[in-house]
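The listed protein sequences correspond, in order, to chains A and B.
Sequential numbering from 1 applies to the first sequence in the numbering used here.
Sequential numbering from 1 applies to the second sequence in the numbering used here.
Ideal Cβ positions, reconstructed from N, Cα and C, are used throughout, including at glycine.
Fair warning: this is a prediction, and the values are worked out from it, not measured in the lab.
Everything on this sheet refers to the single structure shown next.
Number of protein chains: 2
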Amino acid sequence: MKLYSKHSRYLVAVDCIIFGYDIFDKEIKLLLVKRSFEPAKGKWSLEGGFVEESESLDEAAHRILRNLTGLDIIYLKQSYSYGEINRDPGARVISVAYFALIPIMDINKELAEQNGAQWRSIARLPDLIFDHSEMVKKSLTDLQNQIKIKPIGFELLPEKFTLVQLQDLYEAIYQRKVDKRNFRKKILSMEILEKLDEKERETSKKGAFYYKFNKDRYEILKQNGFYFNLDVN
Amino acid sequence: MKLYSKHSRYLVAVDCIIFGYDIFDKEIKLLLVKRSFEPAKGKWSLEGGFVEESESLDEAAHRILRNLTGLDIIYLKQSYSYGEINRDPGARVISVAYFALIPIMDINKELAEQNGAQWRSIARLPDLIFDHSEMVKKSLTDLQNQIKIKPIGFELLPEKFTLVQLQDLYEAIYQRKVDKRNFRKKILSMEILEKLDEKERETSKKGAFYYKFNKDRYEILKQNGFYFNLDVN
DNA sequence: CCAAAAGTGTTCGAATTACACCCATGA
DNA sequence: TCATGGGTGTAATTCGAACACTTTTGG
């Protein structure tokens, strides 16, 4: 005899809020898809999918993300679960939202295109199906709060980046200007960035030195009680 | 024809991590129950229940908490969802954990007793079923982090409390001593506490003034950009 | 009158803010 | 040579940490 048999069962989905950052137009973007099935076919949506019997929630999120982007090792964390009765008009679906950060250039473009995915600026989002706008709103707030206290900004940048690019990213997320000297002083004083010999030369004549994030060093510092903080004026 | 019909459905449960604070023995406690059904009947467990078709996740959490404690208006927030395949040996169950704070004296004692519930110090927790220890651990970390930056400590205290009691609560959660003068200076400077004329006279001859949290005032300050912070040495 | 808990200020160092000019280079 | 964006330091202020004695009163 099956246990718990008198209780109802539900469809469980995972929806991914996938953030990217465009270093050229200096905007935070979301990877959105045109939904390919009913209900709401053809409407803009977060990428999602139903949880299979053979996988955990985390595994489902990874599968969904991998299928859309071709990427496997990415920043992906559970965000929040949505369980209003009629949130999906097709059936009762409980959806677990996942929050992903990826370097915008790293996605497999063909794969994304096949799936009808596009990067859309968060400043000009289309209407999204169901409660997806709410999911995005919550995730954006989380991003703004987390980036102050965790070194997750680097997940949105290429491996090599300039301090100007890093600052532009923070300004895009905070939606305000920050003081250049104070920003640099603070990030450099943490000693978690490695200055490279190479310069980025597309955007200026002088060129700007590339840096990269030293994750190992960060982990060691963290073990010793260090707290990342880039909540600068 | 039903939409999404080819996908599997799952039992969805809500489990409540219910924190209380005992002002006498100065310990954080959890309201635990002895499980009354198989599997793991008789083992210690978080209070939980399956989500009904007629209710959202939040509503299920409220129902479960109300049934156990008799309390309706309490601090209750979604925490995290747990979806490992074999986390519950009875069946595949996806569980959404909820985090509750209640003044320990406010529960309906008969109701709690009927349900086999007891307050247990987090310093001496029994073994818990399934992944409930993991849920507790995460919630405790969340509590430690949240109480620094949100005025949620008051949810664990009676309406009237002394500054000593408030400080003891913080020390119990932080698991370390804090400086009395700095603590008082900081909390009083926020101007969100109201000093009452009445004194608490059980624990000292001199007596300590009662205070109460002025939630309305806090909300106004927050609207004006104020951030609660009680991350004191 | 004394033990026990409540209550109270000041000083020092660190961190945060505000702020403006020089540098390097390609066109 | 000059326009463009990259890079740098200091002073003033605020905030956090450390620290010890006085007050009250019931027994």
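Check whether chain A comes within 9 Å of residue i, counting only Cβ atoms and requiring the distance to be less than that.
{"i": "residue 7 (chain B)", "result": "yes"}
{"i": "residue 137 (chain B)", "result": "no"}
{"i": "residue 100 (chain B)", "result": "no"}
{"i": "residue 58 (chain B)", "result": "yes"}
{"i": "residue 96 (chain B)", "result": "yes"}
Chain B partners of residue i, CB-CB under 9 Å?
{"i": "residue 53 (chain A)", "result": "8, 10, 85, 92"}
Quick test of your reading: residue i and residue j, contact by CB under 8 Å. State the CB separation rounded to the nearest angstrom.
{"i": "residue 100 (chain A)", "j": "residue 16 (chain A)", "result": "6 Å"}
{"i": "residue 123 (chain A)", "j": "residue 33 (chain A)", "result": "That belief does not hold up - the Cβ atoms of residue 123 (chain A) and residue 33 (chain A) are roughly 19 Å apart, past 8 Å."}
{"i": "residue 168 (chain B)", "j": "residue 26 (chain B)", "result": "5 Å"}
{"i": "residue 151 (chain B)", "j": "residue 218 (chain B)", "result": "6 Å"}
{"i": "residue 53 (chain B)", "j": "residue 121 (chain A)", "result": "Between residue 121 (chain A) and residue 53 (chain B) the Cβ distance is about 39 Å, and since that is not below 8 Å, they are no contact."}
{"i": "residue 230 (chain A)", "j": "residue 148 (chain A)", "result": "6 Å"}
{"i": "residue 57 (chain B)", "j": "residue 96 (chain B)", "result": "5 Å"}
Indicate whether residue i and residue j have their beta-carbon atoms separated by less than 9 Å.
{"i": "residue 46 (chain B)", "j": "residue 18 (chain B)", "result": "yes"}
{"i": "residue 70 (chain B)", "j": "residue 107 (chain B)", "result": "yes"}
{"i": "residue 51 (chain B)", "j": "residue 80 (chain A)", "result": "no"}
{"i": "residue 91 (chain B)", "j": "residue 156 (chain A)", "result": "no"}
{"i": "residue 98 (chain A)", "j": "residue 125 (chain A)", "result": "no"}
{"i": "residue 165 (chain A)", "j": "residue 200 (chain A)", "result": "yes"}
{"i": "residue 161 (chain A)", "j": "residue 215 (chain A)", "result": "no"}
{"i": "residue 202 (chain A)", "j": "residue 209 (chain A)", "result": "no"}
{"i": "residue 184 (chain B)", "j": "residue 163 (chain B)", "result": "yes"}
{"i": "residue 115 (chain B)", "j": "residue 68 (chain B)", "result": "yes"}
Could you compute how far the alpha carbon of residue i sits from the alpha carbon of residue j?
{"i": "residue 1 (chain A)", "j": "residue 89 (chain A)", "result": "At residue 1 (chain A), the pLDDT of 49 sits below 50, so the modelled position is not reliable and the matter cannot be decided from this model."}
{"i": "residue 134 (chain B)", "j": "residue 78 (chain B)", "result": "15 Å"}
{"i": "residue 139 (chain B)", "j": "residue 76 (chain B)", "result": "12 Å"}
{"i": "residue 102 (chain A)", "j": "residue 20 (chain A)", "result": "5 Å"}
{"i": "residue 129 (chain A)", "j": "residue 55 (chain A)", "result": "26 Å"}
{"i": "residue 94 (chain B)", "j": "residue 13 (chain A)", "result": "11 Å"}
{"i": "residue 136 (chain A)", "j": "residue 227 (chain A)", "result": "27 Å"}
{"i": "residue 24 (chain B)", "j": "residue 173 (chain B)", "result": "15 Å"}
{"i": "residue 159 (chain B)", "j": "residue 213 (chain B)", "result": "8 Å"}
{"i": "residue 127 (chain A)", "j": "residue 40 (chain A)", "result": "12 Å"}
{"i": "residue 109 (chain A)", "j": "residue 192 (chain B)", "result": "53 Å"}
{"i": "residue 146 (chain A)", "j": "residue 87 (chain A)", "result": "27 Å"}
{"i": "residue 63 (chain B)", "j": "residue 83 (chain B)", "result": "22 Å"}
{"i": "residue 232 (chain A)", "j": "residue 225 (chain B)", "result": "16 Å"}
{"i": "residue 190 (chain A)", "j": "residue 223 (chain B)", "result": "33 Å"}
{"i": "residue 48 (chain A)", "j": "residue 85 (chain A)", "result": "18 Å"}
Given that residue i touches chain B, what residues does it touch there, using C-beta distances under 8 Å?
{"i": "residue 50 (chain A)", "result": "4, 7, 8"}
Check whether chain B comes within 9 Å of residue i, counting only Cβ atoms and requiring the distance to be less than that.
{"i": "residue 81 (chain A)", "result": "yes"}
{"i": "residue 38 (chain A)", "result": "yes"}
{"i": "residue 150 (chain A)", "result": "no"}
Using a C-beta to C-beta distance shorter than 8 Å, which residues of chain A count as neighbours of residue i?
{"i": "residue 78 (chain B)", "result": "80, 81"}
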